[in-house]
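Participant:
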Amino acid sequence: MTDFTSLTEEQLNQMDKHVLITIIKGLQLQLNSISSQLEFLTEQIALMNQRSFGRKTEKADQMHQLSLFEIFNEPEFFSDDSEEPEVSEIIVSSHTRKPKTLREENLKVLPVRVYEYELKKEELDRLFPNGYKEIKPVVYKRLSIIPQTFLVDEHRIHQYTSKDNDGRIIKAKRSPDLFRNSIATASLVAAIINGKFNNHLPLERQSRCYKDSGVNLETNTMANWMMRATEIHLNILYEELLKELITSSLIHADETPFEVIRDGRSSGAKSYMWVYCTGESEKHPVILYDYRSTRKADHPKEFLRNYSGILVTDGYQVYHSLEKQKDDLKVAGCWVHAKRKYAELVKATGIPELEGTVAAQGVKLISELFHLDGLYDKSKDKDRKDYRQREVAPKVDAYFAWVKESLPKVPAGGSTCKALQYSLNQEEYLRFFLTDGKVPMDNNTAERAIRPFTLGRKNWVNVDSIRGAEASAIMYSLVETAKANGLRVYEYLEYVLTELAAHQDDTSRDFLADLLPWSKVAQKKCRSLKKVSKKS
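Per the numbering used here, the very first residue in the sequence shown carries number 34; after that it's consecutive.
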């Protein structure tokens, strides 16, 4: 085959015009093919660099993230010469107005240690020879901390017998144990659960802290306590929360992988933690985790078997298959995932280099949709639906028209092509929010709900057993649901463990109503002073 790229000028001059045209057309086709391949490879290299070395958030410029240096020098990085905060500002950062009134209100829940400073009578007589009287003292309040304090609860059960020596011995009643023949108490187990599942402290680290306080608690002992607490007590409350969840008209769902070491499979096999949570408009927030060994469709099908309503998810096909199997279930898609496909490419290469490209245009168009829809974010569902049909729907139509027009113009198989194709494949589900005012455009609620698990996973890396994974799902559920309802996690866990132990022999479950995080009793006992933000 002749290599037309190496023809000399003399050879080209001797060729027929039609032959030259054919050669030029062939070279143009070859150049276009090479350009497409070059664009595809450039995208892939940029994306690989971004995933290896780049920031992981689409709002990297707006949301400050610590660099590696800043993390290792955290005290120096955050220190400055500003004045020390008031006690009320430390306890409730969101309330700084009227500090005197709010300070007294906020400090009511804390124990007070009083220090009296007085002058001796001899000194007063010298200073006031004509007599003196004491006036109102000046009071300063400072915040102190007492590190972990352990107490041994010694239960003395008094016994009684008859003077007639009839053999009867009567014992006084006492509060039931959390576990039979165990030194564990509700307060201790609540502290361990709070440490691991709220503060992301692995049991090994907690064990070292306890030893520093003179208490030897091995990690396997603490792990057994948590699993027993879950299997004997907390699973009952989890089931009650599930009943509340499936009454919601809208549920968000997501899943994330992790490893269970002893699950009978080969090393490195992925397990999944699924999360299901109510929408942000629900009066009683519920966040439930569900451990499963795989990512199959059977799992959400089983978990949501009694649910009728709307499921907001990402583009995972399993949820779409579930919708086809359940006539009473509708799936809504996530526009953030659609936008992320473009944003990854924009971040990887840099916005200045991509201005005017399809990826940059995709980010812009979807951002405009979010902005437009957000204008009616606080409106009633009916008003929001009418607004969407009137103002947002035409923009959505225009977006999908742009997608279909752009798809043939980009390299097949490239990242831009995949981003466009994703939107096209998800069109039915991405459009669903236009039909119902309560449906959000994104699945951020589920992504925020699963984030505590992913943060904890960075510390403990994997789970030892299936039993531990199932227990973890229940404990994460109670911790995150308590936080979503504005409760102090440790106080809530201690309260429910105490009450569940007291009612473990009850045949009725009526007592569970007072243990739900939104109950008047739980709110009174465990309410946090910090204002709850659903989008925090």
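By construction, the Cβ of each residue, glycine as well, lies at the ideal position given by its N, Cα and C atoms.
Computed from a predicted model, the values in this text were never measured in an experiment.
#1: Would the segment 316-329 count as touching the segment 491-508 if we require 3 or more Cβ pairs under 8 Å?
#2: Report, in whole angstroms, the separation of the C-beta atoms of LEU467 and ALA426, which I expect to be a contact under 8 Å.
#3: Take every Cβ of the segment 269-277, pair it with every Cβ of the segment 213-223, and state whether three or more of those distances are shorter than 8 Å.
#4: Which two residues bound the contiguous beta strand (DSSP E) that contains ILE28?
#5: Could you tell me the boundaries of the beta strand (DSSP E) in which LYS358 lies?
#6: Roughly how many angstroms lie between the CA atoms of LYS359 and TYR375, to the nearest whole one?
#7: Is it true that the CB of HIS370 sits closer than 7 Å to the CB of GLY348?
#8: Pull the bridge partners of THR194 from the DSSP assignment, please.
#9: For LEU270, does the count of other Cβ atoms within 10 angstroms reach 16, so buried, or fall short, so exposed?
#10: Using the rule of at least 16 other Cβ atoms within 10 Å of the residue's Cβ for burial, across every protein chain shown, is GLU513 buried or exposed?
#11: Just to confirm my understanding: we take SER456, look at its own chain, exclude 5 residues before and 5 after, and list those with CB closer than 6 Å. What are they?
#12: Just to confirm my understanding: we take LEU17, look at its own chain, exclude 5 residues before and 5 after, and list those with CB closer than 6 Å. What are they?
#13: Can you list, in chain order, the residues of its chain whose CB lies under 6 Å from that of ASN492, leaving out five sequence neighbours each side?
#14: Look at the alpha carbon of ARG464 and the alpha carbon of VAL429, and state the distance between them as a whole number of angstroms.
#15: Is the distance from the Cβ of LYS418 to the Cβ of GLY470 below 7 Å?
#16: So if DSSP puts LEU344 in a beta bridge, which residue, or which two residues, is it bridged to?
#17: Three or more C-beta pairs closer than 8 Å, one from the segment 520-533 and one from the segment 284-291: is that the case here?
#18: Counting Cβ pairs, one atom from each stretch, are 3 or more of them under 8 Å apart for the segment 432-452 and the segment 398-405?
#19: Just to confirm before moving on: does the CB-CB distance between TYR309 and LEU321 stay below 7 Å?
#20: Taking the CB atoms as reference points, tell me whether ARG207 and HIS188 lie closer together than 7 Å.
#21: So if DSSP puts ILE54 in a beta bridge, which residue, or which two residues, is it bridged to?
#22: How many Å lie between GLU335 and GLY247 at the Cα?
#23: I need the DSSP call for MET306, collapsed to helix, strand or coil.
#24: I need the straight-line Cα distance from ILE507 to THR346, nearest angstrom please.
#25: With a threshold of 7 Å on Cβ separation, who are the neighbours of ALA205 within its own chain once the five nearest residues in sequence on each side are excluded?
#26: Quick check on this structure: which residue in HIS266, ASP210, THR41 and PRO162 has the alpha carbon closest to the alpha carbon of ARG542?
#27: Using the rule of at least 16 other Cβ atoms within 10 Å of the residue's Cβ for burial, across every protein chain shown, is THR571 buried or exposed?
#28: Apart from the five residues just before and just after SER314, which ones in its own chain have a Cβ nearer than 7 Å to its Cβ?
#29: Here's a check: name, in chain order, each residue in its chain whose Cβ is nearer than 7 Å to the Cβ of GLY228, leaving out the five neighbours to either side.
#30: From the DSSP secondary-structure annotation, give me the bridge partner or partners of ARG560.
#31: Buried or exposed for PHE230, please, with buried defined as at least 16 other CB atoms from any protein chain shown within 10 angstroms of its CB.
#32: For PHE102, collect the residues of the same chain with a Cβ closer than 7 Å to its Cβ; drop the 5 residues on either side in sequence, then sort them by chain order.
#33: Is the CB-CB distance between LEU283 and GLY301 below 7 Å?
#34: Which word fits GLY489, buried or exposed, when buried means at least 16 other C-beta atoms lie within 10 angstroms of its C-beta?
#35: Rounded to whole angstroms, what is the Cα-Cα separation between ARG241 and ARG159?
#36: Can you have a look at TYR173 and say buried or exposed, based on whether 16 or more other CB atoms are within 10 angstroms of its CB?
Facilitator: The structure says:
#1: Yes, the segment 316-329 touches the segment 491-508.
#2: Between LEU467 and ALA426, the beta carbon gap of about 5 Å places them in contact (Cβ cut-off 8 Å).
#3: no
#4: Only positions 34 to 569 of the chain appear in this structure, which leaves residue 28 out of reach.
#5: A quick correction: the sequence has Gln, not Lys, at residue 358. No beta strand (DSSP E) holds GLN358; the alpha helix (DSSP H) holding it covers 350-358.
#6: 32 Å
#7: The Cβ atoms of GLY348 and HIS370 sit closer than 7 Å to each other.
#8: BP columns for THR194 point to ILE202.
#9: buried
#10: buried
#11: Taking C-beta separations shorter than 6 Å and ignoring five residues to either side along the sequence, the partners of SER456 in its chain run ALA371 and VAL436, following chain order.
#12: No answer is possible for residue 17: it lies beyond the span of the chain, which begins at 34 and ends at 569.
#13: HIS233 and PRO235
#14: 8 Å
#15: Cβ atoms of LYS418 and GLY470: closer than 7 Å.
#16: ILE284 and VAL364
#17: No contact exists between the segment 520-533 and the segment 284-291.
#18: yes
#19: Going by C-beta atoms, TYR309 is nearer than 7 Å to LEU321.
#20: yes
#21: Looking at the DSSP assignment, ILE54 forms no beta bridge with any residue, so it has no partner.
#22: 47 Å
#23: strand
#24: 22 Å
#25: ILE190 and HIS191
#26: HIS266
#27: Here the chain has residues from 34 to 569 only, and residue 571 is not among them.
#28: LYS471
#29: Once the five neighbours on either side are set aside, the close Cβ partners of GLY228 are LEU234 and GLN239.
#30: LEU520
#31: buried
#32: At PHE102 the pLDDT is 35, less than 50, meaning the model places this residue with poor confidence; the figure from the coordinates comes in the next sentence. Around PHE102: no qualifying Cβ.
#33: It is not a contact, given that the beta carbons lie outside the stated cut-off.
#34: Buried, by the Cβ-count rule.
#35: 56 Å
#36: exposed
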